[in-house]
Amino acid sequence: MHDMSTHAVSHGAPTSFISKHVFSLDHKVIGKQYYALALVAAVVGMFLSWLMRIHLGWGSYAIPGLHLLSKSGAPGDVMTPEYYLQLMTMHGTIMVFFVLTTAPFAAFGNFFLPIQTGAEDMPFPHFNMMSFWVTFVAFLVMVAGFFVADGPSLGGWTQYAPLSAVGAVGGPGQGWGVVLWAASIGIFCIGQLLGSLNFITTTLDMRCKGMSLMRLPLTAWAWFITSIMGLTAFAVLMPACILLILDHVAGTSFFVPSNLVIGDHLLPHSGGSTLLWQHLFWFFGHPEVYIAIVPGLGIVSHVLITNMRRPMLSHRVLIYSMGALAVLSYMVYGHHMFVSGMNPVSAIAFSFPTLVITIPSTIVVLIWLGSLYGSKLRINSASLFSLGFVSMFISGGVSGFFLAQPSLDIMLHATYFVVGHFHLVMGVAAMFGIFAGTYFWFPKMTGRMMNETWGKVHFIMSFIGAYCIFMPFHYLGMAGNVRRYQAFTDDYLIPLIPVHKFITVAAILTGFAQLIFIVNLIYSRFKGPLAPNDNPWQGTSLEWSTATPPPHNNFGDKMPVVYHDPYQYSVEGASADFIMQTSPEKLTNPHEEK
Amino acid sequence: MATTVHDSPKIDVGRLPSQGSGNGGWRNRVPADGDLRRVKGSSPPPSSTGIWVGLAAITMTFAAFTSALIVRQGSAADWQHFTLPSILYLNTLVIIASSVTLEIARRRIATFMSGNKIEGAAPARWLYVTLFLGLLFVAGQTFAWLQLRSQGLVLATNISYSFFYVLTVAHALHLLGGLGGLVRVIGKLNRSALRRSTLNATAIYWHFMGGLWLYLLLLLRMKL
Chain A
0 MHDMSTHAVS HGAPTSFISK HVFSLDHKVI GKQYYALALV AAVVGMFLSW
50 LMRIHLGWGS YAIPGLHLLS KSGAPGDVMT PEYYLQLMTM HGTIMVFFVL
100 TTAPFAAFGN FFLPIQTGAE DMPFPHFNMM SFWVTFVAFL VMVAGFFVAD
150 GPSLGGWTQY APLSAVGAVG GPGQGWGVVL WAASIGIFCI GQLLGSLNFI
200 TTTLDMRCKG MSLMRLPLTA WAWFITSIMG LTAFAVLMPA CILLILDHVA
250 GTSFFVPSNL VIGDHLLPHS GGSTLLWQHL FWFFGHPEVY IAIVPGLGIV
300 SHVLITNMRR PMLSHRVLIY SMGALAVLSY MVYGHHMFVS GMNPVSAIAF
350 SFPTLVITIP STIVVLIWLG SLYGSKLRIN SASLFSLGFV SMFISGGVSG
400 FFLAQPSLDI MLHATYFVVG HFHLVMGVAA MFGIFAGTYF WFPKMTGRMM
450 NETWGKVHFI MSFIGAYCIF MPFHYLGMAG NVRRYQAFTD DYLIPLIPVH
500 KFITVAAILT GFAQLIFIVN LIYSRFKGPL APNDNPWQGT SLEWSTATPP
550 PHNNFGDKMP VVYHDPYQYS VEGASADFIM QTSPEKLTNP HEEK
Chain B
0 MATTVHDSPK IDVGRLPSQG SGNGGWRNRV PADGDLRRVK GSSPPPSSTG
50 IWVGLAAITM TFAAFTSALI VRQGSAADWQ HFTLPSILYL NTLVIIASSV
100 TLEIARRRIA TFMSGNKIEG AAPARWLYVT LFLGLLFVAG QTFAWLQLRS
150 QGLVLATNIS YSFFYVLTVA HALHLLGGLG GLVRVIGKLN RSALRRSTLN
200 ATAIYWHFMG GLWLYLLLLL RMKL
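Structure below.
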């Protein structure tokens, strides 16, 4: 019998469809809204990558119906070079901001952080609702780029100046396309700042009785650390976007240098600093990598522990390592600018922390591997994707060692080697974290189970497919294949085209595997078997103590009281294989935080 | 002169520490043997933490603007120095005065909330004075912008003017948020539904806006 205290609800249960499902104050509904947004964004981003890959493999191939997306960008359904760059920009932007940031942090964090801390809701539910709808508007503004006259921006997701700041003379999409891009990201920043405010305050102030910070599950810690990064990083990107917009619409010269001539046209700007944009962008940009991946570290650890039936070798060291990643992420951003004309002393200054940041990453990996060693891991879709995450994180991380050294990075920076590196370590790994979280928490979020067989098929195809796509990228990079090229006509690049064709086939097949996931997700939501009980995986944290799906105030009539550290599995002398955090059972030999 | 005596209002004390969320606190925990008597009292209200978190984000935003100014100034020789409109100094006195009046209001209301009767003006009066001073500050800033504009000195005239407009407008927009907070506090006070934590959070935000303006004035004075 669990010892509970009484509670009070901060806002009443919604009564209308609008207040329940649209403008909801309930963190769980907001979490689902974020997830749905991320799902739509992922489909859009994946579709764009298919178009790009087909063009890279078969440049003159007419993709039926492509002209419907853009008449000027695809005359006769054949992609123009500029349109390839526009699709690349939108693919990168949508995936980084609206999928990798939105799903693991905002979606899962919104749904589960208050529950795992034992709170009824976020402390500022109106801000929370605004954070989603602001993000939704940001997505619409971003996608609106496809519908303006010359299409979306072609400057890449990093939007380097001066190209991003010169206006329409810079090429298709460099006028209104960039303005929409910058406005969208600026709005997105506001949404994430509101979300981070809630996440931090929830963690610090809303914990239930007995829930000390060290008793928080690793997922809650990951979201907490990520929210601190989000608060500080997005607060810097937003002013950068404002300055970029002003260069476009107000004729200022923040980023456009003097005497810049484009197409015989002397630009009416003076003295702007192109490197200023890079500093502001990458001060956000590198923490953003960890904003995408740290929630995955937490989710994967949480899932693996539940399926190993034992805690990680060290709870505290994992938390400290995630914290160290967050701190160091601000000190390494200059490594993105090794080829931007950096002072060699500065390059060394940024190279050193870049190498140091591999230490906490390595510690996390060693804790995972050491904990997995000898465990009797339950094999299911969630644990498989968690293992896949570990694999991708290692594979992508190893190439980071090379890129951390300026002398090597100068050779590799503009090649597919970097594309392979960040897709594995940031893109695919984060996606695997999202999949692991989805298969794991789906019963709690919906009350139904996903199909495990199709989940495993999804994993196998995704795992093999991801390596077939992104490992050859490293080979291409070492062979000198420059990235961002839309066609490979140089003598030394022509022999590499078959590799690109192979990657394209792999990308299409891997993409179809994601359709299996989407069908499984939607079918299971409505027709899947009901969850057998409130705790189908025999977990110990608070989300498994409450009803499935959780009630409006998360815990019904009684609020939880926490008695134990989060992962009491296989405790010697205990009455069961797992002791929930809310169980008052006295343990003679509990797993202590260490 | 007649003296008015005000009764203390009915104040919404919010949830008690023993009720529901928020009683976990920063360090509270139940020992493994489940002795609830060792649980400490309530945690701070979320608004008192939230306001500092929000201010951290605003600090980062203005730090980004500052670093942009410094980098941009050092990157090219096109920087034009100019004399700041003199009304900015008057505005500075106004915003300092608004912090003083808000602090008077906060202390009087705190006394009021404690159940003690107070003599003199209604507790909301100093809030109205603060609100007026805040609006006066925004009006003064607007006057400064119009003054520069009348001289043909606009956003794109030179990068130094660009930074002047960006920094002062960004500050004014944040200050408008503070004015909204003051209006909300006055409304809640009039409805006897004001929480002390709300008042304190609003006061902290307002004082921060004052401090931020002093910093910006110093920065603009030194760099422009």
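The listed protein sequences correspond, in order, to chains A and B.
When we follow numbering that gives the first Met the number 0, the leftmost residue of the first sequence carries the number 0, and every step to the right adds one.
When we follow numbering that gives the first Met the number 0, the leftmost residue of the second sequence carries the number 0, and every step to the right adds one.
Virtual Cβ for every residue (Gly too), placed ideally from N, Cα, C.
Smallest Cα separation from residue i: which of the options?
i                      : options                       : result
residue 105 of chain B : B:136, B:125, B:172 and B:94  : B:125
residue 178 of chain B : B:57, B:63 and B:134          : B:134
residue 274 of chain A : A:161, A:107 and A:414        : A:161
residue 516 of chain A : A:73, A:541 and A:450         : A:450
residue 525 of chain A : A:442, A:510 and A:258        : A:442
residue 413 of chain A : A:157, A:480, A:139 and A:228 : A:480
residue 180 of chain A : A:122, A:240 and A:168        : A:240
residue 89 of chain A  : A:145, A:105, A:73 and A:108  : A:145
residue 69 of chain B  : A:377, A:315 and A:271        : A:271
residue 366 of chain A : A:304, A:334 and A:344        : A:304
residue 536 of chain A : A:557, A:579 and A:498        : A:579
residue 519 of chain A : A:447, A:471, A:558 and A:554 : A:447
residue 470 of chain A : A:486, A:493 and A:499        : A:499
residue 217 of chain B : B:63, B:79, B:72 and B:88     : B:88
residue 573 of chain A : A:585, A:279, A:109 and A:425 : A:585
residue 85 of chain B  : B:52, B:140 and B:160         : B:140
Is residue j closer than 7 Å to residue i when the C-beta atoms are compared?
i                      : j                      : result
residue 101 of chain B : residue 212 of chain B : no
residue 422 of chain A : residue 512 of chain A : no
residue 403 of chain A : residue 464 of chain A : no
residue 190 of chain A : residue 231 of chain A : no
residue 150 of chain A : residue 69 of chain A  : yes
residue 562 of chain A : residue 209 of chain A : yes
residue 302 of chain A : residue 244 of chain A : no
residue 113 of chain A : residue 26 of chain A  : yes
residue 312 of chain A : residue 369 of chain A : yes
residue 289 of chain A : residue 328 of chain A : yes
residue 388 of chain A : residue 431 of chain A : yes
Mind checking which residues open and close the alpha helix (DSSP H) that includes residue i?
i                      : result
residue 476 of chain A : 451-477
residue 102 of chain B : 86-112
residue 401 of chain A : 380-402
residue 130 of chain A : 124-143
residue 26 of chain A  : 26-56
residue 543 of chain A : Counting along the chain, residue 543 of chain A falls outside any alpha helix (DSSP H), and DSSP gives it neither H nor E.
residue 166 of chain B : 158-189
residue 437 of chain A : 428-445
residue 232 of chain A : 217-248
residue 211 of chain B : 195-222
residue 125 of chain B : 124-149
residue 81 of chain A  : 80-92
In chain B, what lies closer than 9 Å to residue i by C-beta?
i                      : result
residue 259 of chain A : Per Cβ cutoff of 9 Å: no residues; residue 259 of chain A is ~12 Å from chain B at best.
residue 130 of chain A : In chain order: nothing, as chain B lies at least about 13 Å away.
residue 215 of chain A : What residue 215 of chain A touches in chain B: nothing, since even the nearest Cβ is about 10 Å away.
residue 278 of chain A : 66, 67 and 70
residue 275 of chain A : 66, 67, 70, 71 and 74
residue 269 of chain A : 75, 77, 157 and 158
residue 272 of chain A : 67, 70, 71, 73, 74 and 75
Could you work out which residues of chain A lie near residue i, taking near to mean beta carbons separated by less than 7 Å?
i                      : result
residue 155 of chain B : 249, 250 and 251
residue 93 of chain B  : The contacting residues do not exist; residue 93 of chain B stays about 26 Å from chain A at best.
residue 53 of chain B  : 196
Residues of chain B with CB under 7 Å from residue i, in chain order?
i                      : result
residue 157 of chain A : The contacting residues do not exist; residue 157 of chain A stays about 17 Å from chain B at best.
residue 192 of chain A : 56
residue 237 of chain A : 60
residue 199 of chain A : 52
For residue i and chain C, any beta-carbon pair shorter than 7 Å?
i                      : result
residue 325 of chain A : The chain inventory of the structure shown lacks chain C, comprising the protein chains A and B.
Using a cut-off of 8 Å between C-beta atoms, extract the partners of residue i located in chain B.
i                      : result
residue 245 of chain A : 154, 161 and 165
Point to revise | Positions along the stretch 56-75 of chain B whose CB lies within less than 9 Å of some CB in chain A | key: Within the stretch 56-75 of chain B, the qualifying residues are 56, 57, 58, 59, 60, 61, 62, 63, 64, 66, 67, 70, 71, 73, 74 and 75.
- Anything in the stretch 221-235 of chain A with a Cβ closer than 7 Å to a Cβ of chain B? List those residues in chain order, please. Correct list: 230, 231, 234 and 235.
Contact set between the stretch 136-170 of chain B and chain A, restricted to residues whose Cβ is under 8 Å from the partner: If the cut-off is 8 Å between Cβ atoms, the stretch 136-170 of chain B has 154, 155, 158, 161, 165 and 169 near chain A.
| said: So if I threshold CB-CB distances at 8 Å, which residues from the stretch 293-306 of chain A count as touching chain B? | reply: Listed in sequence order: no entries.
If the cut-off is 9 Å on Cβ atoms, which residues from the stretch 312-325 of chain A count as contacting chain B, listed in chain order?
The stretch 312-325 of chain A vs chain B, Cβ under 9 Å: nothing.
| query | Using a Cβ cut-off of 9 Å, which residues of the stretch 367-383 of chain A contact any Cβ in chain B, in chain order? | reply | So nothing in the stretch comes that close.
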